[in-house]
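Trainee: Take a look at the following structure, please.
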Ligand SMILES: [Zn+2]
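Residue numbers (our numbering): 466 to 535.
Written out as structure tokens, the structure reads:
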């Protein structure tokens with residue numbers, strides 16, 4: 466998700482519109498703890514798949530459930 470914002474040192478700048486906030490450098494994406502480790506692991510599978518679909522690495526696979534009307 467952040468691949469295009471990293472520089473050659475694998476860091477990026479956080480710039481605020483508030484003059485009192487100084488510029489910061491980060492090496493990891495912005496995140497907060499919302500899920501337990503089990504739920505994070507489950508969602509991570511889909512995040513990894515979506516990243517590969519968007520950035521290359523796999524094709525988009527669409528399947529329909531047994532009750533789908535399409
Ligand atoms: Zn959970």
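Think of the CB as a built atom: it goes at the ideal place given N, C-alpha and C, for glycine as much as any other residue.
Please read these numbers as outputs of a predicted model, since none were measured by experiment.
(1) In chain order, what residues of the same chain lie with their CB nearer than 8 Å to the CB of residue 467, ignoring the 5 residues before and after it?
(2) Considering only DSSP beta bridges, list what residue 479 is partnered with.
(3) Can you tell me which of the three DSSP states residue 514 falls into?
(4) I need the DSSP call for residue 497, collapsed to helix, strand or coil.
(5) Is it true that the CB of residue 523 sits closer than 8 Å to the CB of residue 511?
(6) Enumerate in chain order the residues of its own chain whose CB-to-CB distance from residue 509 is below 7 Å, with the five nearest sequence positions on each side excluded.
Mentor: Taking the structure as given:
(1) 477 and 494
(2) 489
(3) helix
(4) coil
(5) no
(6) none
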